[in-house]
Amino acid sequence: MQQQKSFKNMTVGKLYLVPTPIGNLEDMTFRSVNTLKEVDLIASEDTRNTKKLLNHFEIETRQLSLHEHNVKERVPELIDMLLSGTNIAQVSDAGMPSISDPGHELVLTAIKEDIDVVALPGASAGITALIASGITPQPFLFHGFLPRKTNEQKIALDQLKEIQAALIFYESPHRIVKTLSNMALVLGENRKVVLCRELTKLFEEYTRGTIKELIEFFNEKTIKGECCLIVEGHDGFSEMSALEEELSLKEHVDLLMETQGLKNKDAIKEVAKKRGLKKQEVYKEYHIE
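Now the structure itself:
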């Protein structure tokens, strides 16, 4: 067990997790600006990108890069500096550090070394999109980026399809239609979804509808900018997706065993429930040689 009193221990440095704007620079808080001015060092995902922010707010604090390609070498170096009394602010290119961005390794190591980790509140694309989406916001599950490969993406979506909570995804604009198509197959084409694009920027846009409607709307269009998908949660009623409807009974049972880790008898029971059949019918069909 460990208890942190964030502003009591002054013998070592502190690690500040500082959010940065997701588009509009005016979303930078006074506290974030002051913290970046007062710390001894800023650990940045991309020092060139952060330099633009620092110049805008006339912040002259030195930077050091911390990204996915140098994290193993850089974390021990930063921890040594913190232990010697250096105060460090960690920032990502946009939004909250560690959320779909590198940096969590530094937090874990700092906690292990009894270094205070102080998070500042600020901009987060997922929460910003959720509260304006029109999708019921509570409860919600933040997933971030889905796998890129189609089969892996379908498996990930299958594991989420019965969750009764709003689902938050980040996605590349070039993969939106493909991802929505996989969602239609696994989650069902009538689920409500909102594509939130270019949040806080001049071309901010919310497109609301069913998964089917958004596929049809964006199918022939070029999508640009940062994108976030908000998908409504499962309504609690068991129903088959378009993907499942195309499967034979045996294929359906095998799919549930593979994607949900169900045992044979449990998968048969679930298939029977979804298709309105008796378990014996599904069992008999599944075990036919």
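All the letters of the sequence shown, read from the start, carry residue numbers 1 to 289 under the UniProt record's numbering.
Built from N, CA and C at the ideal position, the CB exists for glycine as well.
Predicted model only: the values in this text are computed from it and were never measured.
Worksheet entry | Stretch-stretch touch, CB-based, cutoff 8 Å, three pairs: the region 127-143 with the region 104-113 | The region 127-143 is not in contact with the region 104-113.
From the DSSP output, which residues share a beta bridge with residue 44?
65, 91
> What three-state label does DSSP hand residue 79 in the structure shown?
Replying inline: helix
* With a Cβ-Cβ cutoff of 7 Å, do residue 16 and residue 118 count as a contact? -> A contact, by the Cβ cut-off of 7 Å.
- Query: CB-CB under 6 Å to residue 197, same chain, minus the five flanking residues each way: which ones, in chain order?
  - Reply: 205, 225, 227
Going by alpha carbons, who is nearest to residue 32 out of 134, 91, 77? Looking at the Cα atoms, 91 is the closest of the given residues.
In DSSP terms, what residue 206 is bridged to
196
Assigned secondary structure, residue 271 (DSSP; H/G/I helix, E/B strand, else coil):
helix
- prompt: Straight-line CA distance for residue 81 to residue 138?
  reply: 41 Å
Kindly indicate the opening and closing residues of the alpha helix (DSSP H) around residue 171. Judged by DSSP secondary structure, residue 171 falls outside any alpha helix (DSSP H) and instead within the beta strand (DSSP E) spanning 166-171.
(message) In chain order, what are the residue ranges of uninterrupted alpha helix (DSSP H) at least 4 long that sit wholly in the region 105-148?
(response) 125-133
| field | Whole-angstrom distance between residue 165 and residue 102, CA atom to CA atom | value | 26 Å
May I ask which residues mark the beginning and end of the beta strand (DSSP E) holding residue 231? 227-231
task = Kindly list the residues whose CB is nearer than 7 Å to the CB of residue 35, restricted to its own chain and excluding five residues on each side of it in sequence; keep chain order.
result = 16, 18, 89, 120
Notebook entry, point to check: Quick one: what's got a C-beta closer than 6 Å to residue 180's C-beta in the same chain, skipping five residues either side?
Noted result: Result list for residue 180: 211, 214, 215, in chain order.
- Item | Alpha-carbon spacing of residue 133 relative to residue 58, whole angstroms | 35 Å
Practice prompt. Quick one: residues in its chain with C-beta nearer than 6 Å to the C-beta of residue 14, no 5 flanking neighbours on either side, listed in chain order?
Written response: Closer than 6 Å at the Cβ level, and outside the excluded window around residue 14, lie 87, 116, 118.
| query | When the Cα atoms are used, what is the spatial distance from residue 136 to residue 123? | reply | 20 Å
Under three-state DSSP, which class holds residue 20?
strand
Going straight from the alpha carbon of residue 83 to that of residue 107, what length do you get?
Residue 83 and residue 107 have their C-alpha atoms spaced approximately 14 Å apart.
Which of the three DSSP states, helix, strand or coil, is assigned to residue 15?
strand
When the Cα of residue 202 is compared with those of 25, 5, 247, which residue comes out closest? 25
Practice problem: Could you pull the start and end residues of the alpha helix (DSSP H) that residue 33 belongs to? | Solution: 30-38
Beta-carbon within less than 8 Å of residue 79's beta-carbon, same chain only, minus the 5 sequence neighbours each way: which residues are those? 106, 109, 110, 113, 115
**Asked** Within this structure, are the beta carbons of residue 207 and residue 195 separated by less than 7 Å?
**Response** yes
(message) I'd like the span of the alpha helix (DSSP H) that includes residue 215, first residue to last.
(response) Segment 211-218, the alpha helix (DSSP H) holding residue 215.
Own chain, CB closer than 7 Å to residue 100, minus 5 neighbours either side, in chain order:
144, 145, 170
How far does the alpha helix (DSSP H) with residue 259 in it extend, from its first residue to its last? 249-260
Determine the extent of the alpha helix (DSSP H) in which residue 222 is found, giving its start and end residues.
Residue 222 -> no alpha helix (DSSP H), and no H or E assigned at all.
* Can the beta-carbon of residue 41 be found closer than 7 Å to that of residue 64? -> yes
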